[in-house]
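Structure, as C-alpha cells:
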Amino acid sequence: MVTFLLVHMVPGDPARVIAGDRANPETIEAIRKSFGLDQPLWQQFVTYAGNLLSGDIGQSMRYKRPVTALIGQYIWPTLFLTGYVICLAVPPALALAIASARKPGGLADQIIRIVGIAGMAIPVFWLGIMMSRFFGVALGWFPVSGYGKTFFEHLHHLFLPALSTAIWMVPVLIQSLRAALIEKAGADFVTAARAQGAGEREIFWRTILPNAVLPTLNLFGVIIAFLIGGTIIVETVYAVPGLGSLMINALLARDYHVVQGLTLMFAVTTVGVTFVVDLLSALIDPRARL
Amino acid sequence: MSIVTQPQVVAVPPRDRLNWTILVAGVIVGGWIMLAVFAPWIAPYDPNAVDILHALTAPSADHWFGTDQVGRDVLSRVIFAARIDLLMCIAGVLPPLLIGTTVGLLSGYYGSVVDTALMRLYDLTAAFPFFVLVLAIVGILGPGLLNFFIALALVGWVTYARLVRAEVMSIRDSEYIQAAQCLGYSDRVILARHVMPNAFGPVLAYAVSDSVLVMLAGASFGFLGMGAQPPTAEWGVMISDGSAFIRQAWWICMFPGLAAISLGLGLAFLGDGLGHLRRRQVSA
C-alpha cells in the first residue's frame, strides 16, 4: 500500500509522457482509459490489491510488458552480482574480523578499524569509475560494461562491479563480526571453558567463534538492504542489465508500475531474507525463539 | 601468551590517541567548512565560467586540477561544490534528527498508542532498503535537491525516533527522574531538562556518522541525475559529467571523488571519536 500511494502522489501525468508532448487530448484520454487511470484512486487501489493477490503487479507502460516478465528478464545479472559480491566480501571480512578481535586495541585492530572507516567513506560510483578506467581502459584486463553470455563471461564481466561493491561492504561486515567476537570473548561460558582447562586456541575456534556467528547472521537482512542500494549504483556505472538499471530507467521515464513493482520486490526480498535468517538461527541455536 | 585478551582492559584506547583522532577529523571538516564559506575568495576562477578554448586541459600551474569538457576550472568547481555537499550534510540530517528526537522523546516517555504506532511504522520503514525508498520517493517527487531532503526527512526520522525512544526508556525509570517527578516538576520541564540532555549523546554521535551516509547518498543521487542538477557544481554531478570523458581526462572525475572521500573520512572519524568518547564517559 505504501508503494501504491507513493507512486500515485506523482505530479506528472504518465499518459502525457507516453503520448508525447504534441498528442491531442483524445489520445491522452484513450491511453488513460486503457491503463485504468481514469478511475478514482480508491478503485485503482482495489484493482491493484486484487491483482497483487493473484501475483500480477501490473504492466510496464514503456515496454508494454508485464512487470513480472521484466523483472524475470533483468533479475539474473543482479542475482549473479549479489552472489558474487558475497563470495568476494565474506572470506576477507571473516579473516580480518578475526585478526582484529584476537587482540582488541592492538596494532592490527587499529589498522583494520581505520581502513574500515576509510572504506565506508569512499563513494561506490567513484570507485567504480576509477577502477573501470584503470583496470578496464588502461590495463585492459576487464570489460568495462555489459554482462556477457556464458557463466565465465559473467564472472569476467561482473568482476569489477562486484569488487567495487565488496570493498564497500567488507567494513560493515568486519565491524559487526568484530563487535560480536569481542562481546563473546568476555562471556561467562568462555571463563568456564578456561576454568575447565581448555587451551586459548581451542577456546577461540570452538567456543567464541561459533557463538559470534549468530549475531552476524542476524545482520544479514540489513546487509542485503545495503547490497540492493549498492548494486543499483554499481549497475548504472558499469551498464549491467540488471534490476538496478531497470529501476533507474523506470524512474527517469516515470514508468510507475515498474518502480512500484521493483520497490515492492526489494522490500519483500529484505523481509524474506530476514525471515529466513530468523529460521536459520532457530535451527542453529535452539535458544532463539521466532 | 593468551590469544584472547580481556576486552575491558584494552578495548578503550588511550586518551591522547583518541583526542588526536578527533583533532585531525575536526581539522579536515573545519577546513572544508572554511573553503565552503569563503569559496568566492579562495577559488581562482568562476565555477561556471565556460572557456571552450581551454576545454579538457590537464592539471597545470594555471588550472591545478585541470579543466572540464567546456573549460570550467575543476579546482574552483570542487571548492564551490563543498557548499552544496556540506549543505546536504546539514539539511539531510537536521530535519530527521529534530523530528525523530521529538517523537522518540514523547513516545519513550509516555508509551501507549503513540509508541505502538511508532514501532509499527519503524517495522514498515525497515522493510524497505533505505536507498531504494529514498530513490523511489525522489523519483516520484521529481529529481532535485529539495526533494532529496524531503525524502530523507520522510525516511530518516524513524531511525532517530527509535534510537531516542530506547534511550528514554532506559532513563525514564531512573531515580533522578523519579526525584524530579516527586518534586512536582511538569512533564515538559522533566523532558527538556532531565531526559533530553541524557538521551542526546548517542543520538548526536549517530547523527555525525549518519552525515557521512547522507553526503555519500547525496553525491550518488547527483551522479544518478536525481539530486543536484547540472550545471550546479556538486561532487556527484561533476563525477557524472566527467565519466563521459574519463578516457581522455581522468582529472574531472578524480578530484571531486577525492574531495568527497576526505570530507567523508573527516566526518566518519569525528563520529567514531565522539562515539568512543561517550562510551568511555559511560564506563567511567
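Going down the list, the protein sequences come from chains G and L. In this text, residue positions in the first sequence follow this note's numbering: the first is 1, and each later residue adds one. In this text, residue positions in the second sequence follow this note's numbering: the first is 1001, and each later residue adds one. Where is the CB? At the ideal position from N, CA and C, for every residue including glycine. Quick caveat, the model's predicted, so the values are computed rather than measured.
With the rule of 3 Cβ pairs closer than 8 angstroms, the region 264–283 of chain G does not count as touching the region 184–198 of chain G.
G:H154 is the residue among G:A99, G:Y63, G:H154, G:A69 whose C-alpha sits nearest the C-alpha of G:G83. Take G:A108, set aside five residues on each side of it, and the residues of its chain with a beta-carbon closer than 7 angstroms to its own are A99, S100, in chain order. When beta bridges are read from the DSSP output, L:D1073 appears opposite L:T1067.
Taking a Cβ-Cβ cut-off of 9 angstroms, the neighbours of L:C1253 in chain G comprise W126, I129, M130, R133, given in sequence order. When C-beta atoms of the region 204–221 of chain G are compared with those of the region 185–194 of chain G, three or more pairs fall below 8 angstroms, so the two segments count as touching.
Chain L has a Cβ within less than 8 angstroms of the Cβ of G:F266.
Within chain L, no residue has its CB atom less than 7 angstroms from the CB of G:T165, the nearest being about 13 angstroms off. Under a criterion of Cβ atoms nearer than 7 angstroms, the residues of chain G adjacent to L:P1129 are, in order, A225, I228, G229, F266, T270. By a beta-carbon distance limit of 8 angstroms, G:S132 does not contact G:H257. Their separation comes to about 32 angstroms.
Remark: C-beta atoms of L:L1135 and L:M1215 do not approach each other more closely than 8 angstroms. Per the C-alpha coordinates, the member of G:L127, G:G106, G:L70 positioned closest to L:F1255 is G:L127. Under the Cβ criterion of 8 angstroms, G:A121 is counted among the residues facing chain L. An exposed status is given to L:E1175, since fewer than 16 other beta-carbon atoms sit within 10 Å of its beta-carbon. Just so you know, the alpha carbons of L:L1274 and L:N1198 end up roughly 15 angstroms apart. At a cut-off of 8 angstroms, the C-beta of L:I1239 has a neighbouring C-beta in chain G. Contact annotation for L:F1269 against chain G: I117 [CB-CB distance below 7 angstroms, chain order]. Excluding its 5 nearest sequence neighbours in each direction, L:R1077 has C-beta neighbours in its own chain below 7 angstroms: P1047, A1233, M1238, listed in chain order.
Counting along the chain, the unbroken alpha helix (DSSP H) around G:K184 starts and ends at 159–185.
Nearest in C-alpha terms to G:V172, of all of G:F80, G:T270, G:D285, G:L96, is G:L96. The Cβ atoms of L:I1042 and L:L1086 do not sit closer than 8 angstroms to each other. DSSP places L:S1060 in the coil class of the three-state scheme, outside both helix and strand. Within the region 239–260 of chain G, the residues whose Cβ lies closer than 9 angstroms to any Cβ of chain L are, in chain order, M247, I248, A250, L251, L252, R254, Y256, V259, Q260.
DSSP, read as helix, strand or coil, puts L:P1231 in coil. Judged by beta-carbon spacing, L:G1271 lies within the 8 angstroms limit of L:S1209, meaning their Cβ atoms are closer than that value. Of the other Cβ atoms in all chains shown, fewer than 16 fall within 10 Å of the Cβ of L:P1230; this residue is therefore exposed. Apart from the 5 residues on each side of it in sequence, G:A93 sits with its Cβ closer than 7 angstroms to the Cβ of V170, L173, I174, L177 in its chain, given in chain order.
Shown here, G:F142 sits in coil according to DSSP, grouped into three states, outside any helix or strand. L:L1105 sits close to L:V1195, with the two beta carbons spaced by under 8 angstroms. Identification of chain L residues near G:I233 by a Cβ-Cβ cut-off of 9 angstroms yields F1131, S1220, F1223, L1224, ordered along the chain. Exposed is the label assigned to L:S1170, since fewer than 16 other Cβ atoms lie within 10 Å of its Cβ. Within a 10 Å sphere around the beta-carbon of L:G1222 sit 16 or more other beta-carbons, which makes this residue buried.
Distance from the CA atom of L:G1092 to the CA atom of G:N218, rounded to whole angstroms, is 29 angstroms. For L:W1250, the residues of chain G that pass the 7 angstroms Cβ criterion are R133, in the order they occur in the chain. Looking at L:I1261, L:W1235, L:L1141, L:L1023, the one whose alpha-carbon comes closest to that of G:A118 is L:I1261.
G:V137 has a beta carbon lying within less than 8 angstroms of a beta carbon in chain L.
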